[in-house]
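Trainee:
Protein chains: 2
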Amino acid sequence: MKQRILETSIELFDKNGFTETSVQDIVEAVGVTKGTFYYYFNSKQELLKDIHLGYIEDLVKQQEKIFSDEAKDTNTKLREVIFLLIHNIKNRKESARIFFRERKNLKDDHVEMIKSYRDLFRKNLQAVIEEGVEKGEFSRRLNPDMLTRAILGMTNWSYYWYKADGEVSEEELTDIYTELILHGISTGD
Amino acid sequence: MKQRILETSIELFDKNGFTETSVQDIVEAVGVTKGTFYYYFNSKQELLKDIHLGYIEDLVKQQEKIFSDEAKDTNTKLREVIFLLIHNIKNRKESARIFFRERKNLKDDHVEMIKSYRDLFRKNLQAVIEEGVEKGEFSRRLNPDMLTRAILGMTNWSYYWYKADGEVSEEELTDIYTELILHGISTGD
Numbered sequence: 004m005k006q007r008i009l010e011t012s013i014e015l016f017d018k019n020g021f022t023e024t025s026v027q028d029i030v031e032a033v034g035v036t037k038g039t040f041y042y043y044f045n046s047k048q049e050l051l052k053d054i055h056l057g058y059i060e061d062l063v064k065q066q067e068k069i070f071s072d073e074a075k076d077t078n079t080k081l082r083e084v085i086f087l088l089i090h091n092i093k094n095r096k097e098s099a100r101i102f103f104r105e106r107k108n109l110k111d112d113h114v115e116m117i118k119s120y121r122d123l124f125r126k127n128l129q130a131v132i133e134e135g136v137e138k139g140e141f142s143r144r145l146n147p148d149m150l151t152r153a154i155l156g157m158t159n160w161s162y163y164w165y166k167a168d169g170e171v172s173e174e175e176l177t178d179i180y181t182e183l184i185l186h187g188i189s190t191g192d
Numbered sequence: 004m005k006q007r008i009l010e011t012s013i014e015l016f017d018k019n020g021f022t023e024t025s026v027q028d029i030v031e032a033v034g035v036t037k038g039t040f041y042y043y044f045n046s047k048q049e050l051l052k053d054i055h056l057g058y059i060e061d062l063v064k065q066q067e068k069i070f071s072d073e074a075k076d077t078n079t080k081l082r083e084v085i086f087l088l089i090h091n092i093k094n095r096k097e098s099a100r101i102f103f104r105e106r107k108n109l110k111d112d113h114v115e116m117i118k119s120y121r122d123l124f125r126k127n128l129q130a131v132i133e134e135g136v137e138k139g140e141f142s143r144r145l146n147p148d149m150l151t152r153a154i155l156g157m158t159n160w161s162y163y164w165y166k167a168d169g170e171v172s173e174e175e176l177t178d179i180y181t182e183l184i185l186h187g188i189s190t191g192d
């Protein structure tokens with residue numbers, strides 16, 4: 004039941020916005036009483052936190068699975084984490100939209116909690132970049148913190164324009180980003 | 004007077020949000036009557052459109068100044084437009100925040116108008132990338148449309164984290180992005 008309430012809320016928040024959706028709207032759509040709702044969630048904001056948490060916890064889990072695989076080299080880890088982000092923006096698009104749009108409606112302590120997961124994701128990626136630098140695979144010239152943010156920026160930004168049904172597949176977009184990050188566009192020195 | 008209303012509104016929208024700020028709040032803060040407000044703006048939404056337009060029109064104007072300078076090579080144009088975006092996010096931060104946050108509150112026809120300027124900015128940049136490819140300075144391997152979106156993505160994303168008073172200067176961040184875009188991070192092939 005908790006899962007059904009979550010899924011219905013994701014649909015409603017995505018379609019109508021968090022502020023515009025009441026607990027009444029949710030329980031009507033699920034077909035339960037308010038009592039049932041409040042049995043599972045203390046408040047609508049608690050539910051929003053759970054949606055955010057579900058999105059970012061899952062990303063971190065998938066990322067850690069990629070990064071903990073000793074058989075993968077640094078380039079592969081980089082490529083796979085870029086694919087992971089693009090894939091999630093595309094295939095969990097309702098949750099992704101809520102994650103990107105409704106952050107301002109989280110309670111302060113929930114913001115902190117979600118931010119700690121976002122930071123963890125970023126720092127995990129930065130550790131892989133630093134691993135590549137250590138191994139001599141990646142250049143020492145670029146600040147790993149800034150570089151990590153640049154990589155996350157270009158990838159996350161695709162949320163704003165990338166169409167699931169567009170001309171460029173997830174794999175192609177991953178290849179373009181990875182190629183850009185690894186080799187850049189200059190033909191000269 | 005129009006300018007004073009605009010500037011005060013930018014402060015109020017940034018501080019309290021567009022939805023949460025009434026025309027009454029604005030005229031009280033400026034110290035004029037509602038009549039004066041409606042002499043210059045048809046509605047609060049018209050005013051929001053003017054703020055968006057002011058931000059993006061100015062960016063396009065500055066971009067066209069950079070790109071029309073025949074003395075600049077393609078690398079320089081690329082670097083300068085990245086600096087332009089970072090500089091504006093930092094130095095016009097109230098307007099930038101409204102530009103990024105309050106798009107959903109624009110009226111549909113205003114959204115279209117602002118989008119046409121955003122598209123123009125993106126297409127101008129894409130034309131410079133294509134110019135670099137034509138001249139043999141940039142690699143032919145990467146789709147210029149996707150590449151342009153990647154560059155804008157990494158740069159615009161700095162809106163979400165870049166601190167004006169942080170450790171990394173605008174110039175340093177510009178150097179990092181430009182270096183990444185031109186040469187990538189790989190030390191190998």
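Protein chains in written order, with the numbering used here: chain A, 4 to 192; chain B, 4 to 192.
Quick reminder that beta carbons are idealized off the backbone N, C-alpha and C, glycines included.
Which chain A residues sit within Cβ distance under 9 Å of H55 of chain B?
Mentor: Result: empty, since nearest Cβ-Cβ is about 15 Å, beyond 9 Å.
Trainee: Cutting at 7 Å between CB atoms, please list the residues of its own chain near T11 of chain B, excluding the five before and the five after it.
Mentor: I29, A32 and V33
Trainee: According to the Cβ coordinates, are A180 of chain A and I92 of chain A closer than 8 Å?
Mentor: Looking at the sequence shown, residue 180 of chain A is not Ala but Tyr. No; because the gap between Cβ atoms is not below 8 Å, this pair is not in contact.
Trainee: Please state whether DSSP places S172 of chain B in a helix, a strand or coil.
Mentor: coil
Trainee: At a CB-CB cut-off below 7 Å, which residues of chain A make contact with L128 of chain B?
Mentor: Those do not exist, as L128 of chain B stays about 13 Å from chain A at its closest Cβ, beyond 7 Å.
Trainee: I need the straight-line Cα distance from V171 of chain A to G57 of chain B, nearest angstrom please.
Mentor: 33 Å
Trainee: Check S142 of chain B in the structure and name its three-state DSSP category.
Mentor: coil
Trainee: Mapping DSSP to helix, strand and coil, what is S46 of chain B?
Mentor: Three-state DSSP puts S46 of chain B in coil, outside helix and strand.
Trainee: Output the residue ranges of the beta strand (DSSP E) runs that lie fully inside the segment 104-133 of chain A and measure 3 residues or longer, sorted by chain position.
Mentor: DSSP runs (the beta strand (DSSP E)) wholly in the segment 104-133 of chain A: none.
Trainee: With G156 of chain B as the anchor, note down where its alpha helix (DSSP H) starts and where it stops.
Mentor: P147 to W160
Trainee: Is there a Cβ of chain A sitting closer than 8 Å to that of A99 of chain B, yes or no?
Mentor: no
Trainee: Among A:I101, A:G38, A:K5 and A:F70, which one has its Cα closest to the Cα of N19 of chain A?
Mentor: A:I101
Trainee: What separation, rounded to the nearest whole angstrom, lies between the Cα atoms of I59 of chain B and L50 of chain B?
Mentor: 14 Å
Trainee: Name the one or two DSSP bridge partners that S189 of chain A has.
Mentor: According to the DSSP secondary-structure assignment, S189 of chain A is paired through a beta bridge with B:F141.
Trainee: Please confirm whether T39 of chain A and F141 of chain A have their CB atoms less than 8 Å apart.
Mentor: no
Trainee: Have a look at B:S98, B:K64, B:A99 and B:R95 and flag the residue whose alpha-carbon is nearest the alpha-carbon of V84 of chain B.
Mentor: Among B:S98, B:K64, B:A99 and B:R95, the Cα nearest to that of V84 of chain B belongs to B:K64.
Trainee: Check whether the Cβ atoms of I69 of chain B and E173 of chain B sit closer than 8 Å, and answer yes or no.
Mentor: no
Trainee: Would you say F141 of chain A reaches chain B, if we count a Cβ-Cβ gap shorter than 8 Å as a contact?
Mentor: yes
Trainee: Does DSSP put K37 of chain A in a helix, in a strand, or in coil?
Mentor: Three-state DSSP puts K37 of chain A in a helix.
Trainee: Between G34 of chain B and chain A, is there a C-beta pair that is closer than 8 Å?
Mentor: no
Trainee: Between the Cα of L62 of chain A and those of A:K75, A:E134 and A:N159, spot the shortest distance and give me the residue it belongs to.
Mentor: A:N159
Trainee: Of all the residues that make up the segment 19-45 of chain B, which are near chain A by a beta-carbon distance shorter than 8 Å?
Mentor: If the cut-off is 8 Å between Cβ atoms, the segment 19-45 of chain B has nothing near chain A.
Trainee: For M149 of chain B, is the classification buried or exposed, using 16 other Cβ atoms within 10 angstroms of its Cβ as the cut-off for buried?
Mentor: buried
Trainee: Taking buried to mean at least 16 other C-beta atoms within 10 Å of its own C-beta, is T36 of chain B buried or exposed?
Mentor: Exposed, by the Cβ-count rule.
Trainee: Classify Y162 of chain B as buried or exposed, calling it buried when 16 or more other Cβ atoms lie within 10 Å of its own Cβ.
Mentor: buried
Trainee: For N146 of chain A, tell me which candidate among B:L81, B:G187 and B:Q66 has the shortest Cα-Cα distance.
Mentor: B:G187
Trainee: From which residue to which residue does the alpha helix (DSSP H) around S71 of chain B run?
Mentor: Unbroken run through S71 of chain B: none, as it is neither H nor E.
Trainee: If I measure Cβ to Cβ from H17 of chain B and keep anything under 7 Å in the same chain, skipping five residues before and after, which residues do I get?
Mentor: Going by the sequence as given, residue 17 of chain B is Asp instead of His. Excluding sequence neighbours, D17 of chain B sits near E97, R100 and I101.
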